[in-house]
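Colleague: Handing you this structure, nothing more for now.
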Amino acid sequence: MARIGFVGLGNMGGPMARNLLKAGHQVAVFDIVPAALEGVVAAGASRAESAAAAARGAEFLLTMLPAGQHVRDAWTGAGGMAAASEAGAVLVDCSTIDVATAREVAAAAGRPMLDAPVSGGVMGAEAGTLTFMVGGPEDAFARAEPILRAMGRTVVHCGGAGAGQAAKVCNNMMLAATMIVTSEAFVLAERLGLSHQALFDVASKSSGASWALTTYCPVPGPVPASPANRDYRPGFSAALMAKDLGLAQEAAQATGAATPLGAQALELYRRFVETGGGSTDFSGIIRMLRETG
Ligand code: NAD
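Under the numbering used here, the first residue of the sequence shown is numbered 16, with each subsequent residue one higher.
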């Protein structure tokens, strides 16, 4: 069993660290908000006094932080975790951040480092069924894979530094645009007098099918487990979708890639967040589309 340091025990990090404990690992945890540590310490983790203290003695060092600036500060800022880490440690950042910062931090870390953002949300973190998209050196990936498998069901090595973040923003841009157009189709069907179930029965077996339709259907009824059936409680919040679409647009601008639908999706999700939808599941955008018409 491995000695693991884990920093950032919020909505995602908390249940992820608990799954590492369940798998029998020794986990030292740190968060700037002491209350965030209570659940994991009660589950058997040891409380570290700082991020650097969590790094000492750890074979694997993981972070799950809000955004790029937090990741840069935690790893390479003054008293950062990279400098405090053991020579043979593998460093893993599971936060969703911009590709450029992921590459910059990996280059500055001075140890093998992986970017390993996840999809699957809080439910996936709790159930240990996350998907990890991983960028970084092959040998570090091989060492970290069993650790990631204690928290996830699917672990994909996507390439060198930043490739995990690249996969995450590309996937979520596809998801957002698909969710928007699927929602638009249901609103149009309503105006045309076509029932939700009839559209679902046809499209789910036809060329309009997608994960947004068949697993995460934005209207209540056809897929009983989708957030639409529980008043759009997340799931995956619209605020986080807007964040990821912003990262996708940053990457598109930095590389000169044309992503007109991705840009439009960002605009629509920003508007949804600004008009009070931020804590709603991202499939709740159908309400804004319905009201706009
Ligand atoms: P969160 O805000 O609940 O948790 C972040 C934690 O990091 C907080 O407890 C905060 O106190 C702590 N923190 C911030 N700066 C710190 C520092 N310098 N040192 C130590 N701790 C620090 O956020 P979350 O929902 O757990 O999301 C974490 C990351 O996962 C984000 O990048 C998010 O985009 C990504 N993500 C979230 C979801 C989701 O559904 N919540 C899904 C996929 C990916």
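Even for Gly, the Cβ is constructed at its ideal location relative to N, Cα and C. Values in this document were obtained by computation on a predicted structure and should not be read as measured data.
Flag this pair as yes or no: are the beta carbons of residue 44 and residue 63 separated by less than 8 angstroms?
Modeller: For residue 44 and residue 63, yes; Cβs fall inside 8 angstroms.
Colleague: Going by DSSP, what residues sit across from residue 78 in a beta bridge?
Modeller: BP columns for residue 78 point to 22, 108.
Colleague: To the nearest angstrom, how far is it from the Cα of residue 178 to the Cα of residue 96?
Modeller: Looking at the two C-alpha atoms, the distance is approximately 22 angstroms.
Colleague: Residues bridged to residue 129 by DSSP?
Modeller: Paired residues: 107.
Colleague: When you compare each of 58, 89, 39, 40 to residue 29 by their alpha carbons, which one comes out closest?
Modeller: Nearest C-alpha to residue 29: 58.
Colleague: Locate the alpha helix (DSSP H) running through residue 201, then write down its first and last residues.
Modeller: It spans 178–207 - the alpha helix (DSSP H) in which residue 201 sits, taken as one unbroken run.
Colleague: Rounded to the nearest angstrom, what separates residue 221 and residue 213 at their Cα positions?
Modeller: Residue 221 and residue 213: Cα-Cα distance of roughly 12 angstroms.
Colleague: Count the other C-beta atoms from every protein chain shown that fall within 10 angstroms of the C-beta of residue 264, then say buried if there are 16 or more, exposed otherwise.
Modeller: The residue is buried, with at least 16 neighbouring Cβ atoms inside 10 Å.
Colleague: Name, in chain order, the residues that DSSP records as bridge partners for residue 43.
Modeller: In DSSP, residue 43 forms a bridge with 20, 61.
Colleague: Grouping DSSP H, G and I as helix and E and B as strand, with all else coil, what is residue 86?
Modeller: Helix at residue 86.
Colleague: What is the residue span of the beta strand (DSSP E) that residue 168 lies within?
Modeller: Start and end: 167–174.
Colleague: Please classify residue 210: is it buried, with 16 or more other beta-carbons within 10 angstroms of its beta-carbon, or exposed?
Modeller: The residue is exposed, with fewer than 16 neighbouring Cβ atoms inside 10 Å.
Colleague: Taking 7 angstroms as the cut-off, is the C-beta of residue 66 nearer than that to any heavy atom in the ligand NAD?
Modeller: Under cutoff, so the answer is yes.
Colleague: Measure the CB-CB distance between residue 170 and residue 149 and report whether it falls below 8 angstroms.
Modeller: Yes, these two residues count as a Cβ contact at 8 angstroms.
Colleague: Quick check: residue 32 and residue 107, are their CB atoms within less than 8 angstroms of each other?
Modeller: Against a cut-off of 8 angstroms, the Cβ pair of residue 107 and residue 32 comes out as no contact.
Colleague: In chain order, what residues of the same chain have a beta carbon less than 8 angstroms from the beta carbon of residue 185, not counting five sequence neighbours either side?
Modeller: Excluding positions up to five away in sequence, the list reads 263.
Colleague: Just verifying my parser: in three-state terms, what is the DSSP assignment at residue 56?
Modeller: If DSSP states are grouped into helix, strand and coil, residue 56 belongs with the helices.
Colleague: For residue 225, which of 16, 135, 193 has the nearest alpha-carbon?
Modeller: Checking every option, the nearest Cα to that of residue 225 belongs to 193.
Colleague: Could you tell me which residues DSSP puts in a beta bridge with residue 148?
Modeller: In DSSP, residue 148 forms a bridge with 171.
Colleague: Just reading off the alpha helix (DSSP H) that residue 154 is part of, what are its end residues?
Modeller: Run containing residue 154: 153–164, per the alpha helix (DSSP H) assignment.
Colleague: Under 8 angstroms, with one C-beta from each stretch per pair, do the stretch 199–207 and the stretch 65–73 reach the 3-pair mark?
Modeller: Verdict: no, contact absent.
Colleague: Pull up the DSSP beta-bridge partners for residue 296, would you.
Modeller: DSSP, once it has assigned bridges, lists 252 as partnering residue 296.
Colleague: Is the beta carbon of residue 233 sitting closer than 8 angstroms to the one on residue 298?
Modeller: Cβ distance < 8 angstroms, so residue 233 and residue 298 count as in contact.
Colleague: Can you give me the C-alpha to C-alpha distance between residue 23 and residue 208, rounded to a whole angstrom?
Modeller: Taking the straight line from one Cα to the other gives about 49 angstroms.
Colleague: Report buried or exposed for residue 16, applying the criterion of at least 16 other Cβ atoms within 10 angstroms of its Cβ.
Modeller: Exposed, by the Cβ-count rule.
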